[in-house]
Amino acid sequence: MKILITGAAGFIGSQLMNRLRSKGATVLGLDNYNDHLYDPQLKIDRTQHFELDIKVCDLRDYNATKAVFDAFQPEQVIHLAAHANVRDSFGKERDYHSNNIDGTQNLIEICKGRDVRVIYATTSSVYGDTPVPENGWTEDLVTAKQRNAYAYTKYINEIQFAISGVQNVGLRFFTVYGPWGRPDMALFQFTKKMLANERIDVYNYGDMKRDFTYVEDILDGIEIILQDSSIESNEIFNIGRGQQVELMDFVKAIEKNACDTCCGQEADINLAPRHPADTLETWSNTEKLQALGYSPKMDIQEGVDNFYKWYVEYHDGR
Numbered sequence: 223m224k225i226l227i228t229g230a231a232g233f234i235g236s237q238l239m240n241r242l243r244s245k246g247a248t249v250l251g252l253d254n255y256n257d258h259l260y261d262p263q264l265k266i267d268r269t270q271h272f273e274l275d276i277k278v279c280d281l282r283d284y285n286a287t288k289a290v291f292d293a294f295q296p297e298q299v300i301h302l303a304a305h306a307n308v309r310d311s312f313g314k315e316r317d318y319h320s321n322n323i324d325g326t327q328n329l330i331e332i333c334k335g336r337d338v339r340v341i342y343a344t345t346s347s348v349y350g351d352t353p354v355p356e357n358g359w360t361e362d363l364v365t366a367k368q369r370n371a372y373a374y375t376k377y378i379n380e381i382q383f384a385i386s387g388v389q390n391v392g393l394r395f396f397t398v399y400g401p402w403g404r405p406d407m408a409l410f411q412f413t414k415k416m417l418a419n420e421r422i423d424v425y426n427y428g429d430m431k432r433d434f435t436y437v438e439d440i441l442d443g444i445e446i447i448l449q450d451s452s453i454e455s456n457e458i459f460n461i462g463r464g465q466q467v468e469l470m471d472f473v474k475a476i477e478k479n480a481c482d483t484c485c486g487q488e489a490d491i492n493l494a495p496r497h498p499a500d501t502l503e504t505w506s507n508t509e510k511l512q513a514l515g516y517s518p519k520m521d522i523q524e525g526v527d528n529f530y531k532w533y534v535e536y537h538d539g540r
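The numbers in the sequence shown follow the working numbering, run straight up by one, and end at 540.
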């Protein structure tokens, strides 16, 4: 199978590309190696570590992207490229629109008339302020209640694909974490600051819940979709752990590692008011994906332990 992955030097894309290639797929990556949110050296390091075949290409460049498609002729596309950060998107609406909406529309136009299916990443952020039911958010509950530009652009992506005529499946990721993660995300930031004995900001005074999902469980979910050609076009699936974790418990899981290996003291925490971009809680109902065989395995402490070990080794080697 010939698979094209956009955002292939990213946190999820690099590890997905490595996994699929190891299982015999012919995989080509695209990435523009931009400096949005963090130093692109980490993207370069992922590329080199996993020995990935990635072409430098920006989806907003229609002709360059089309040339890659014409040459490679993918059977499936996994579209992960995006600007992704809810807080960063405040005040950067035009930038997020350009990258996430315009780039995606180019991809759609290029795929029209081709025998190709697109599996694209959307996000739990599209649920916004939708109340969380007792069994978590189901895929039919999204309304136009997004709290930030990032979530809104991903909501628009879902609409773009729904009206495109291109074969597609959407995947709503829930707070992905793990080794090789993004430096702008909470796990990376909290770990970095704890090890430096710096104060960490915890918003809404710590009263938030997240459905933290380990990267390997995310890859499992993507693989299930990738291998199932019977899924109808325009379907959307949640990919999450299916369990809520209190943010302060997440902090304690990191703190356990930092105290054991470094400072031997509790984290210096600044309990801050709610950020206007933040959703107070997330919780995935994954029954729809479970029906296809999805079964997330990683518990939060082991997942954080794995990240922490990688973080220390990665930075010791630099």
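A virtual CB, placed ideally from N, CA and C, is assigned to each residue, including glycine. Note that the structure is a prediction, hence the values are computed from the model and not measured.
Checking 8 Å against the spacing of the C-beta atoms, do residue i and residue j come in under that value?
i      : j      : result
Asn328 : Leu281 : yes
Asn456 : Phe395 : no
His497 : Arg336 : no
Pro296 : Lys245 : no
Ala489 : Leu417 : no
Ile422 : Asn492 : yes
Asn507 : Asn460 : yes
Val398 : Ile476 : no
Asn379 : Tyr342 : yes
Phe312 : Asn370 : yes
Ile446 : Leu511 : yes
Val290 : Val340 : no
Ile332 : Lys376 : no
Tyr436 : Gly400 : yes
Glu438 : Met520 : yes
Val542 : Gln298 : Coverage of the chain is limited to positions 223 through 540, which leaves residue 542 absent and any answer about it impossible.
Thr413 : Tyr516 : no
Leu514 : Asp450 : yes
Leu238 : Lys277 : no
Tyr372 : Tyr318 : yes
Phe294 : Leu242 : no
Residues in the same chain with beta-carbon distance under 7 Å from residue i, minus the five sequence neighbours each way, listed in chain order, please.
i      : result
Val354 : Glu503 and Trp505
Leu363 : Tyr349 and Thr352
His258 : His305
Can you tell me which residues form a DSSP beta bridge with residue i?
i      : result
Ser506 : Trp359
His301 : Thr228 and Tyr342
Gly251 : Ile227 and Ile276
Ile458 : Gly392
Asn492 : Asp423
Thr435 : Val398
Val467 : Arg432
Go ahead and label residue i buried or exposed: buried means 16 or more other beta carbons lie within 10 angstroms of its beta carbon, across all protein chains shown.
i      : result
His301 : buried
Tyr427 : exposed
Asp275 : exposed
Lys334 : exposed
Asn322 : buried
Ser346 : buried
Ala304 : buried
Asp442 : buried
Gly462 : buried
Ala306 : buried
Ile381 : exposed
Thr365 : exposed
Ala494 : exposed
In chain order, what residues of the same chain have a beta carbon less than 6 Å from the beta carbon of residue i, not counting five sequence neighbours either side?
i      : result
Arg268 : Ala231, Ser236 and Trp402
Phe410 : Gly403
Phe272 : Ser236 and Asn240
Asp351 : Lys367
Ile458 : Glu361 and Gly392
Trp532 : Pro401
Pro518 : Asp439 and Arg463
Glu509 : none
Glu315 : Ala371
Who are the near neighbours of residue i in its chain, counting only those whose CB is closer than 8 Å to its CB and skipping five residues on each side?
i      : result
Gln523 : Ala475 and Lys478
Asp500 : Val308, Arg309, Arg369, Tyr425, Asn426 and Met430
Ile330 : Val340, Gln382, Phe383, Ser386 and Val388
Ser320 : Arg282
Pro405 : Leu259, Tyr260, Asp261, Leu264, Gln411 and Lys414
Ser452 : none
From the beta carbon of residue i, is the nearest beta carbon of chain E less than 8 Å away?
i      : result
Thr345 : Structure shown: chain E not included; a single protein chain is present.
Cβ contact (3+ pairs, closer than 8 Å) linking the region 245-264 and the region 463-482: Put simply, the region 245-264 does not touch the region 463-482. Fewer than three CB pairs are less than 8 Å apart.
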